[in-house]
Every structure is written in C-alpha cells, then in structure tokens.
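Okay, so here's the structure we're looking at.
Numbering (our numbering), first residue to last: 71 to 799.
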C-alpha cells in the first residue's frame, strides 16, 4: 500500500502484480443480476471510452477528456465511487487525457485505484506528479500489461462477475472479459424429495460443494437448476493497418483465450479507414455470425452527451439568443432496428449492451434517449412559461442565435468554462476566449475538455478555422482546472497549422510541457513558451508601448498591450491585463484581493474576476485563497471597471450564482448597472454590455427555485454555526 508520494520509487514492483483472485472457477454463486456495458465516448466529440457496470463495482476502459464529466452527468446510471479498475488500450494521449483530472475528483471518495496499461505510464505519472498533490493519500496501483510485461497472460481480474485478461501487441492492448457462469437456483421440489431443510448444508450446495446428508453424498446438481452461462466480450483498439495486421496474425479470432465461452460482443475502437479496409472485412468474417460488433470511430453522427449543459444552453438561448447561441452538436433520430444488426455503428453516447439479464429482444438499448436528439421546442416552452410576465427592453437589433455579433466589429469574449475545481453538469472548468471580427483570438486558461467545448460551440466544421487563428494561450497558475486541456488543444491545432502558438505561463507549466515533449510526445514545434514573469507589470518600462516590445512573435496581431500581475492564490499565480481592439480587459485568474492587480486593471473596460464562493463561505474562501462574490464585485467598483463579469463559480452554484443574496447595500447600484454573470457559452461584445447586464433579472426569475434552495441552505448553515459557536463558548 502506498500513496502517490511513494509511487515512483516502487512502481517497478507492480510489473509482476496481478489482482488477487477471489474465485478459482468460471462459475460464481454471487453474480450480479444486472451487468451492463455502456459507451461513454463514441469517438465523435468524446474519445472512445467504455464502462462496464455491475451491482458491486465498475470497470472503466480508457479515460479521455470529458469522461468524468459524462459520469457525473449520468449519475443516475453511473457512479464515480464504484470505479476501482481502469484499463487503457494504449498509451495514446487521448486514451488517458482525462485520467489525472479523474484522480483528483475521486480522491475525496476513494482510497485506491488500480489501473492497467503500458509501462510508459511510469514516466507519465512522474510528469503529472506536481499537479496531484491534493490526491497524495490515494493509493495508485499500476499493473503493467503490455508486451514488456513477463506475465501479461495472467488474469488481471478474477472476481464474482468476471475474469478479465489482456492481450497486448506492439501497438495496443485488447481486453477479454469472461463473464462468470451463474449458479442455478435451488429447486425447492428437489430439496423436498431429498428431505433437505434450509440451512448451512443448503448454503454449501449453493456454493458448489457436495455434502453428507444422513449418510448419503448429495452433489449440487441434485438440487440446483440449470447454470446460467456467461459469455465472452472483447474491447480492442486498432487505429492503423499495421496494428490490425498484428492483432489478426497474433490472436486471430481469440478462440484460445475464451475458455470455451461464446464470443458475444467485440467493441472496436478504430478509424473509418481501418474499418473499411479489406483486411478488416476479412477479419470480421472469421468470427461466428452470432458475434456482434460495435464500432467507435471519429465519424460518429452523435455529439450529445452532456445533456444538462445542452438543455441549459437551449434555455439561455430562448431568453436571449444574441448572447447564447444554439450549440453545434451533431444529433439525429436513432432507430431501434439499428441495434438488431450484427454490426452496430454510429451509436449515440450512453448506448448500452445488457450482459445480464438476457433480454427477449436486442441486448442493446439506449440508456439516455436525449443523447440522440433534444426536443428544443419543448425545453424553450418551459423557459417561456417561467418568464412570461417579464417585459424585455425593446431592441430592434435583437436577433436569434448570436447573429448580432456577425456585424459587430468590437472584441468579443466567449466563456467556454465558468466552473471551479472540477467539471460539473452545467459548468466546465476555466477557459475564456477573446476574439475579434476577423476570428483572431487569444485564450485565458484552458481547463480539461476545452477542445470539446470549442467543438460544441463552433461545430466540427468550423473549429479548425478557430484553432488556426488562435494566437496566444495564457495560463494563470498550475492548478489542474486551469490547464488540463492545454495539451489536447496544442495537438489539435498542430493538425491545422504549423505556426507555433504563443503560450504565456508560469515556469512550472513550461517545465511540464518540456517534460511532456521529452518523455511522452514531442509537440515543441507547435508552441513557443514565455514565462509570466517576463511580462510583470512592475517590470514594464515606462517607454513600453505594446506587447511586441517583450519580443513576442509578429504573428500575435490581436493584442495591442499585455501585462501580467502576481496575485495571491498559490505559488506562481498570475492575473493578466490585455488591450484588444482599443478595449482594456483585466482577468484575475484565481485570486484574493490584490493591490497590484487593482492598480494594473484600473479603469478597465471589462473586468473578468473569479467569484468562487458566496459571501457566507468567507472563511472557506480565505482558506483556499479565493474571492467571494461580493469581493469580486467590490474590486470592479473600486478600480472603476466599466463592467465586471463574474466567473469561476463553485459547482454549488452550477445554474445561477446567488448574486441577489448579497447584503452589502453599497454594492447595489454597481451590481444593477455594471455586473454580468458568466455562463458556459456566453459570448459578449463590448457594444452590447448594457443589455447583457439587464439579463440578470429574467435569469433570476427563471432560476428562482434554485436561488431559494441556496438561500435555505445558507440559513441552515448560519444556524448551525451559531449553535456550534454557542456550544463552544
């Protein structure tokens, strides 16, 4: 047993580790009555990922960006707390890009995690170690199962429900899941004939043991009904023809690894090119016709998965489509007959295969129908009903779906993530884009799944152009919720543009990128790093006119001026002040009150300030060196910010920040005239900030029930504190 802090000196000891076997036979007396295989990522918006759920524990196969958010979204069916084993089909970055965010999230509810994957993970863990300090108590057990492992053919899992094996190649690892046979039910009539009474002897027979009864040996088959057979399931990755050739030649149809079980389903993580190749067609034909094949590729026709977020955006769009556009998520109707084919492809997220119980019709079902298509009109009508008595200001420029911005030459600010700490149903982690009418942009922070948020907003057809025109990324500090999407964004942009993107970041982030280049994947040709310290406000010369005086590349055309500011939060925390299109924008990053930031941001046109916690959590905010909502507003008022946008909310306030619960009367006027509440996918332009400020009222009307709940919680918390205080005194 060991935590992350001691993992690195002992990780080699796991080369010969296999999970202790609970059962020695392929039959179990304690098989879960319900076992499902569910698609978390179908390959389109979310990287291919599969979760197998039982009544006891869950098994996760691959953990790309957005995986933990999908599990949180669908917590009616899936539980983070039940995941004990994670299996990686290769060391490809996309397969594990959400793994370390997942570890940080579950570290509060889990004591240990077992993960199975290539030996390369030893270096990967070392690189990410500085960001996992809050999960040091989590036992992380790495079981190496690639071709370098001497005992890769041993069982990885042997429990009540499954025996799980790995079959490695030089390119990837396939996993064979052998469902245990379920012991038959006790036949009461047979027991009566043998004069067996309920008790310990009957329990032994149920466990598969013979007993001595009145001098006669009774075997289990004399009292038990027929055994319910368990079949075999395979999850494999073939992304290239070379990988396919090796898989085909080495394992053929996997017959020798199935322990005489029928192969019921293969999940293929692959590409359209490989799937359509003649070799792959030949391989498929080798399998039994009753074997089903489920394909996960990047050409999938369904993006929907984060349903709460998508529904919220429809509601916000119905309230004011100028600032909240409809998302560009691929969706269409799905027909149940598609599940009846032997080859299933283009399946929505949350497509589920029922391993147990056996169903009369197809074993496939769609666990969440909303992952096919959302009924937008129905959702909009609910919003209209909730705010039907509110009279919107008359504005002849009001157009649907954000089209007012198409003719607007002023800079625009797009919020891609407005939540703190970890992804939530409605709010993703921090990411903000500043754009102009020519589509040039910079990004302030880049939390996990930022690229997914970009695809949802711009659409898969347009996101390439947006990435190509992204000039700069600023990372405010090393906390995971501000940069765990950076690598994926660099990788996606490298497919489109060979021009390096400029990154301004703390030294710790720059060091992390260098290590990633050296030990995981070399991306150094696609970015140029500059330390935040080089741009500190106190280091700026009086004669400095613009950002280029700091020797930034000439390709950085959007920014007229740029300074960074040390802010009080954690080691190497920075805010930033930029001038874009004649507008001065100050971004606090994560920060408590800072005189230096106030001075640098004075009289800014727009202040973007973290407002993590409500005022009643002042002690918690101070302990974590965050700002409360009132403190953020006070900064805006004191520095003369024309407008203040609040962001980085605790996931307690996922739908609506409780701004109307602020008790300080001195802030009332500034709140009414100058304060904006950020939501994911809010896009604002400087020519329409007054109208956006006015949206607080209809938003508060719509979210009244949510605000009332928060108010009641605050009252209960305050009462508890008073009681505790009186007891202690």
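Even for Gly, the Cβ is constructed at its ideal location relative to N, Cα and C.
First and last residue of the uninterrupted alpha helix (DSSP H) at residue i
i, result
"residue 141", "137 to 143"
"residue 706", "699 to 708"
"residue 313", "311 to 321"
"residue 450", "446 to 456"
"residue 654", "Looking at the DSSP string, residue 654 is not in any alpha helix (DSSP H); the run it does join, the beta strand (DSSP E), is 653 to 657."
"residue 755", "Careful: residue 755 lies outside any alpha helix (DSSP H), inside the beta strand (DSSP E) at 753 to 755."
"residue 761", "759 to 763"
"residue 644", "Where residue 644 is concerned, there is no enclosing alpha helix (DSSP H), although the beta strand (DSSP E) it sits in stretches over 644 to 650."
"residue 575", "Unbroken run through residue 575 is the beta strand (DSSP E), 571 to 575; no alpha helix (DSSP H)."
"residue 130", "Run containing residue 130: none in the alpha helix (DSSP H); it sits in the beta strand (DSSP E), 128 to 131."
For residue i, the first and last residue of its enclosing beta strand (DSSP E)
i, result
"residue 334", "333 to 340"
"residue 308", "302 to 308"
"residue 506", "Where residue 506 is concerned, there is no enclosing beta strand (DSSP E), given that its DSSP letter is neither H nor E."
"residue 287", "286 to 288"
"residue 119", "119 to 123"
"residue 599", "597 to 601"
"residue 435", "434 to 436"
Counterpart residues of residue i in DSSP-defined beta bridges
i, result
"residue 238", "243"
"residue 716", "679 and 747"
"residue 365", "338"
"residue 39", "This structure cannot settle anything about residue 39, because the visible part of the chain is limited to 71 through 799."
"residue 327", "Paired residues: none, contrary to the question."
"residue 279", "DSSP, once it has assigned bridges, lists no residue as partnering residue 279."
"residue 212", "185"
"residue 632", "648"
"residue 106", "123 and 424"
"residue 22", "One cannot answer for residue 22 here, as it falls past the ends of the chain, which runs 71 to 799."
"residue 233", "228 and 248"
"residue 295", "In the DSSP output, where bridge partners are listed per residue, residue 295 has none listed."
Member of the options whose CA lies at the smallest distance from the CA of residue i
i, options, result
"residue 186", "207, 158 and 761", "158"
"residue 608", "670, 585 and 594", "670"
"residue 67", "675, 699, 668 and 674", "Here the chain comprises residues numbered 71 to 799, so residue 67 is not present and cannot be evaluated."
"residue 492", "764, 96, 177 and 108", "177"
"residue 579", "299, 198 and 440", "198"
"residue 190", "183, 216 and 562", "216"
"residue 590", "164, 124, 143 and 98", "164"
"residue 736", "480, 704, 709 and 725", "704"
"residue 228", "211, 242, 240 and 246", "246"
"residue 538", "551, 559, 526 and 308", "559"
"residue 203", "218, 171 and 729", "171"
"residue 606", "282, 588, 315 and 574", "574"
"residue 352", "334, 576, 317 and 432", "317"
"residue 115", "567, 527 and 595", "527"
"residue 408", "401, 418 and 399", "418"
"residue 730", "797, 721, 747 and 148", "747"
"residue 344", "368, 361 and 335", "368"
"residue 638", "628, 664, 629 and 651", "664"
"residue 779", "757, 724, 763 and 753", "724"
"residue 455", "771, 561 and 181", "771"
"residue 180", "167, 192, 162 and 207", "207"
"residue 680", "673, 790 and 719", "719"
"residue 327", "210, 494, 248 and 717", "248"
Exposed unless 16 or more other CB atoms sit within 10 angstroms - verdict on residue i
i, result
"residue 693", "exposed"
"residue 513", "buried"
"residue 738", "exposed"
"residue 687", "buried"
"residue 782", "exposed"
"residue 524", "buried"
"residue 341", "buried"
"residue 787", "exposed"
"residue 296", "exposed"
"residue 126", "exposed"
"residue 793", "exposed"
"residue 358", "exposed"
"residue 410", "exposed"
"residue 200", "exposed"
"residue 604", "exposed"
"residue 467", "Note that residue 467 scores 43 on pLDDT, short of 50, meaning its location in the model is unreliable; the coordinates nonetheless yield the value given after this. Label assigned to residue 467: exposed."
Contact test: residue i Cβ vs the ligand NAD heavy atom, cutoff 7 angstroms
i, result
"residue 731", "Ligands displayed in this structure: none; no statement on the ligand NAD is therefore possible."
### Task
Run through the stretch 145 to 206 for me and flag every whole beta strand (DSSP E) of 3 or more residues, listed as ranges in chain order.
153 to 157 and 182 to 187
### Segments assigned alpha helix (DSSP H), at least 4 residues, entirely inside the stretch 479 to 555
520 to 528 and 533 to 538
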